[in-house]
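**Student:** Dropping a structure here in structure tokens format, bear with me for questions.
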Amino acid sequence: MPEPRNDVQARAVAQGIRLDALPQHIACIMDGNGRWATARGEHRLVGHQQGYLTLKDVLTTADELGIRYLTVYGFSAENWRRPGEEVNGLMDLIAAAASAELTGLIKNNVRVRISGRLDELPQSTRDNLRALEAETKDNTGITFVLAVNYGGRQEILDAARAVAEAGEPWTEESISKHLYTPEIPEPDLMVRTAGELRWSNFLIWQAAYA
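Quick note on the numbering used here: the sequence shown kicks off at 4 and runs consecutively.
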């Protein structure tokens with residue numbers, strides 16, 4: 004087993020965790036932020052802001068543990084059905100976070116990939132996410148995949164359209180190579196916060212064996 008390289012790994016080993024047995028790709032459904040805020044008498048957006056701060060800690064810890072890929076469900080295709088104020092607040096939060104975190108992500112060698120139908124996002128959100136992806140594309144540390152305006156069914160449909168347009172044979176390989184982030188390996192571990200036990204249309208192709 005490899006020796007711990009930092010305090011986070013040392014604490015993990017002390018708790019009986021084998022560093023060579025850790026998953027290389029963790030996918031997370033961020034759920035319960037709004038309910039957390041409501042239960043405390045706060046606006047739902049307060050919960051989303053707290054979720055963003057928690058996500059920063061999760062990304063840092065995953066990187067220090069040696070996890071190679073972290074995929075997070077930031078905003079689903081179904082989230083457009085939420086109240087307009089909440090949706091607009093989430094779009095603003097995502098745009099602001101993408102801008103604010105750019106320097107730190109570059110410094111920490113994090114590569115960012117965005118997964119979803121970006122063309123349907125507000126321009127400021129779309130532009131900031133694309134800039135974040137472009138500016139970190141050559142980084143070699145942990146890859147952070149943020150799913151925004153993402154739906155697993157929609158992804159498969161978009162991939163199928165691409166296969167048809169290319170005139171390629173219908174195989175698992177042809178579908179896989181036209182997914183939003185085809186170079187990202189399938190997740191080893193799926194996590195959903197807040198205690199719910201459902202997929203919510205997240206990575207339904209990639210997580211078949213997670």
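Yeah, the Cβ is synthetic: ideal placement off N, Cα and C, and Gly gets one too.
#1: If we call anything under 8 angstroms between Cβ atoms a contact, is residue 113 one with residue 154?
#2: Which same chain residues end up closer than 7 angstroms to residue 102 when comparing Cβ atoms and leaving out the 5 residues on each side of it in sequence?
#3: For residue 119 and residue 72, which I take to be in contact (beta-carbon distance under 8 angstroms), what is that distance rounded to the nearest angstrom?
#4: Counting beta carbon pairs with one atom in the segment 48-59 and one in the segment 18-37, are three or more of them shorter than 8 angstroms?
#5: Return the residue from the list 16, 76, 96 and 106 that minimises the CA-CA distance to residue 69.
#6: Counting only the same chain and skipping the five closest in sequence on each side, list residues whose C-beta sits under 6 angstroms from that of residue 178.
#7: Less than 8 angstroms between the CB atoms is what I'm expecting for residue 30 and residue 169, so what's the real figure, rounded?
#8: For residue 203 and residue 95, I'd like the C-alpha separation in whole angstroms.
#9: Given a threshold of 16 other Cβ atoms within 10 Å of its Cβ, counted over all protein chains shown, does residue 190 qualify as buried or as exposed?
#10: Hey, how far is the Cα of residue 100 from the Cα of residue 140?
#11: Excluding five sequence neighbours on each side, which residues of the same chain lie with their C-beta closer than 7 angstroms to the C-beta of residue 195?
#12: Which full runs of the beta strand (DSSP E) of 3+ residues lie inside the segment 104-187, going along the chain?
#13: Please state the DSSP three-state secondary structure of residue 42.
#14: Relative to the C-alpha of residue 66, which residue among 18, 173 and 12 is closest?
#15: With residue 55 as the anchor, note down where its alpha helix (DSSP H) starts and where it stops.
#16: Quick check on residue 13: does DSSP put it in helix, strand or coil?
#17: Is any heavy atom of the ligand MN found at a distance shorter than 7 angstroms from the C-beta of residue 151?
#18: Quick one: grab the DSSP three-state call for residue 94.
#19: Helix, strand or coil: which one does DSSP assign to residue 79?
**Tutor:** Judging by the given coordinates:
#1: Taking the first residue of the sequence shown as 1, we reach residue 113 at position 110. Taking the first residue of the sequence shown as 1, we reach residue 154 at position 151. No.
#2: Working through the sequence shown from its first residue, we reach residue 102 at position 99. The beta carbon of residue 102 is closer than 7 angstroms to those of 131 in its chain, skipping five residues each way along the sequence.
#3: Taking the first residue of the sequence shown as position 1, residue 119 is located at position 116. Taking the first residue of the sequence shown as position 1, residue 72 is located at position 69. Actually they are not in contact, since the Cβ atoms of residue 119 and residue 72 sit about 17 angstroms apart, beyond 8 angstroms.
#4: yes
#5: To locate residue 69, count along the sequence shown from 1; it is residue 66. Closest by alpha carbon: 16.
#6: Mapped onto the sequence shown, residue 178 falls at position 175. Around residue 178: 162.
#7: Residue numbering aside, residue 30 sits at position 27 when the sequence shown is read from its first letter. Residue numbering aside, residue 169 sits at position 166 when the sequence shown is read from its first letter. About 27 angstroms separates the two Cβ atoms, so there is no contact after all.
#8: As a working mapping, residue 203 is identified with position 200 in the sequence shown. As a working mapping, residue 95 is identified with position 92 in the sequence shown. Their Cα atoms are separated by approximately 23 angstroms.
#9: Position 187 of the sequence shown, counted from the first residue, corresponds to residue 190. Residue 190 should be labelled buried.
#10: Position 97 of the sequence shown, counted from the first residue, corresponds to residue 100. Position 137 of the sequence shown, counted from the first residue, corresponds to residue 140. Straight-line Cα distance between these residues: approximately 18 angstroms.
#11: As a working mapping, residue 195 is identified with position 192 in the sequence shown. Answer for residue 195: 32 and 34, listed in chain order.
#12: 114-118 and 146-153
#13: Your numbering for residue 42 matches position 39 in the sequence shown. Helix at residue 42.
#14: Stepping through the sequence shown from its first residue, residue 66 is reached at position 63. Taking only the C-alpha atoms, the option nearest residue 66 is 12.
#15: Here residue 55 is taken as the residue at index 52 of the sequence shown, counted from 1. Here the alpha helix (DSSP H) through residue 55 covers 47-68.
#16: Numbered from its first residue, the sequence shown carries residue 13 at position 10. DSSP places residue 13 in helix when its eight states are reduced to three.
#17: In the structure on display, the ligand MN does not appear, and there are no ligands present to speak of.
#18: In the sequence shown, counting from the first residue as 1, residue 94 sits at position 91. The three-state reading of DSSP puts residue 94 in helix, counting H, G and I together.
#19: As a working note, residue 79 is residue 76 in the sequence shown. Reduced to three states, the DSSP call for residue 79 is strand.
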